[in-house]
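Position one of the sequence shown corresponds to residue 981 (our numbering), numbered consecutively onward.
For each residue, glycine too, the CB sits at the ideal point set by N, CA and C.
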Amino acid sequence: LAFCFSWSLIVANMTATTAVCINSCCCCLLQVGLLTITFDTLYSERTIIHKNPYVQLGGCYSPPHCLAHYKTAVIVPCGNCEKQLHQFLYYLHPFLQRQQLSYCIYLIHQAGTGPFNRAKLLNVGVHEAMKDNDWDCLLLHNMDLIPENDYNLYVCDKYYPKHLSTAIDKLYGLPYSSVFGGVTALTPDHYMKINGFPNTYWEHLDEDDDIAKRIHIAGMKIIQVPLHVGRYKMMGYGQTASPLLNLKRPAELHTSRTWKDDGTNSLVFKLLEKKKKHLYTHIMVDIGATPALPPPSRKKRNNT
C-alpha cells in the first residue's frame, strides 16, 4: 500500500504521511516501487531524449504540472565511463522524475589517462554545481550503480548524511555498518562541516572510509537506507581500479589529523570544459598529476 509523502515532513522529520497535493508535488503518485533493470540493450542518446521530453539542456528537470519541494544535484564522477553513460541516463532520468524532484545531473569527467581520483572529482562537482543553484541536496552517484526501487528517495536527511546504496546486487547487504560509498546524499551544510572529501586518494576505494570517519569526527552519524529500499544493480563493465596500483596516501590512517587540511579548502583543479548537453552537464577537469611514489628504502649491508 503506497502512501503519499508530504515533502515538508520528509525534509523536516523524515517521516511519511498522507497529504492533499494541490499545486505542490506529491512524490509518490508516480512511483512504482521495485524496478526491472537489465543491461541487454544499448540505448542511443536520441532514444533517451525522446523518452524524457521535459528534460532541459544540462540534464535539468522540474515537474511541469506542480511545484517541486526539493532541489537535488546528482554528481557523477567519471573516468572511462562511455560504455556506462547511456544505460545510466536511460534509467536515472525517469527514476528522478517519478519522485517529482527538481534536479540536474552533473558528469564530472577526469581528463587524461592517469589514475582515477573519485573523491577529488566529487569535490569539483560540488564546487561547480553550487555555482548554478542553491541545491538542497548533493547526491553523489557512482555511474555503475542503477537503483532498483524508486521509493529510495533522492533527497537528503536534514540532520545526517545518508547512504542510499545499502544493498548492491553483488551482495544485497552492507559489508560493514559504517560503509559510506556508491550512492550517498549530503546537504551543502553537511559537506562543509566535514571539509568535503579528501583529494589524496588515487585509484582505490579507501576514500569511503576516510569520508565516513570525517562524518563521525564532525559529530554526525550515517543514515543507512533499509536494505529492501536501497537495492542497486551494478553494471559489469567500465571504470575499474588497477590491481597493480596501490597509491596509499601518507596519512590515510590518520584522518583525524588530516581532514581539516585535505578537502574542499585545499582543492586545486583546472576546468577544461563546462557544457550543458541534452541529458547532463558535462564538466571536463584536469585534477593534476598523481603524486610520485617514494623510492623503496634500502637497508645498508654489513660488510663483515
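Alpha carbon to alpha carbon, how far is residue 1135 from residue 1119?
Cα to Cα, residue 1135 sits roughly 8 angstroms from residue 1119.
Here's a check: name, in chain order, each residue in its chain whose Cβ is nearer than 7 angstroms to the Cβ of residue 1091, leaving out the five neighbours to either side.
Apart from sequence neighbours up to five positions away, the residues of its chain that approach residue 1091 with a beta-carbon distance below 7 angstroms are 1252, 1264, 1265, 1266, ordered along the chain.
Ignoring anything shorter than 4 residues or poking outside the stretch 1091 to 1122, list the alpha helix (DSSP H) runs there in chain order.
If we require 4 residues or more, the alpha helix (DSSP H) runs fully inside the stretch 1091 to 1122 come out as 1098 to 1112.
Sequence-distant residues of the same chain with beta carbon closer than 6 angstroms to residue 1146, five excluded per side:
Closer than 6 angstroms at Cβ, skipping near neighbours: 1154, 1204, 1205, 1207, 1210.
May I have the straight-line CA-CA distance separating residue 1004 from residue 1081, to the nearest angstrom?
Distance between the alpha carbons of residue 1004 and residue 1081 is about 11 angstroms.
When the Cβ atoms of the stretch 1157 to 1177 are set against those of the stretch 1191 to 1199, are three or more pairs found closer than 8 angstroms?
By the criterion of at least three beta-carbon pairs nearer than 8 angstroms, the stretch 1157 to 1177 is in contact with the stretch 1191 to 1199.
Would you mind sorting residue 1098 into buried or exposed? The rule is 16 or more other CB atoms within 10 Å of its CB.
Answer is buried; the Cβ neighbour count reaches 16.
Provide the residue(s) that pair with residue 1239 in DSSP beta bridges, ordered along the chain.
Bridge partners of residue 1239: none, in fact.
Tell me whether the beta-carbon of residue 1179 lies closer than 8 angstroms to the beta-carbon of residue 1103.
Yes, the pair counts as a contact, with Cβ atoms nearer than the cut-off.
Give me, in chain order, the residues of the same chain whose beta-carbon lies closer than 7 angstroms to that of residue 1122; leave out the 5 immediate sequence neighbours on both sides.
Taking residue 1122 as the centre and dropping the five residues before and after it, the same chain places the C-beta of 1162, 1163 closer than 7 angstroms to its C-beta, in chain order.
For residue 1021, does the count of other Cβ atoms within 10 angstroms reach 16, so buried, or fall short, so exposed?
That one is exposed.
Residues in the same chain with beta-carbon distance under 6 angstroms from residue 1078, minus the five sequence neighbours each way, listed in chain order, please.
Excluding residues up to 5 positions away in sequence, 1010, 1011, 1130 lie with their Cβ nearer than 6 angstroms to the Cβ of residue 1078 in the same chain.
I need the DSSP call for residue 1165, collapsed to helix, strand or coil.
Residue state, collapsed to three classes: strand.
Taking C-alpha atoms, which residue in 1255, 1105, 1181 lies nearest to residue 1270?
Closest option to residue 1270, Cα to Cα, is 1181.
What are the boundary residues of the alpha helix (DSSP H) that includes residue 1190?
Going by DSSP, residue 1190 is part of the alpha helix (DSSP H) stretching over 1187 to 1197.
Answer yes or no: do residue 1071 and residue 1126 have a C-beta to C-beta separation smaller than 8 angstroms?
Judged by beta-carbon spacing, residue 1126 lies within the 8 angstroms limit of residue 1071, meaning their Cβ atoms are closer than that value.
Unbroken alpha helix (DSSP H) run spanning residue 1027, endpoints
From DSSP, the alpha helix (DSSP H) with residue 1027 extends over 1025 to 1031.
By how many angstroms is the C-alpha of residue 1027 removed from the C-alpha of residue 1148?
Approximately 27 angstroms, taken between the alpha carbons.
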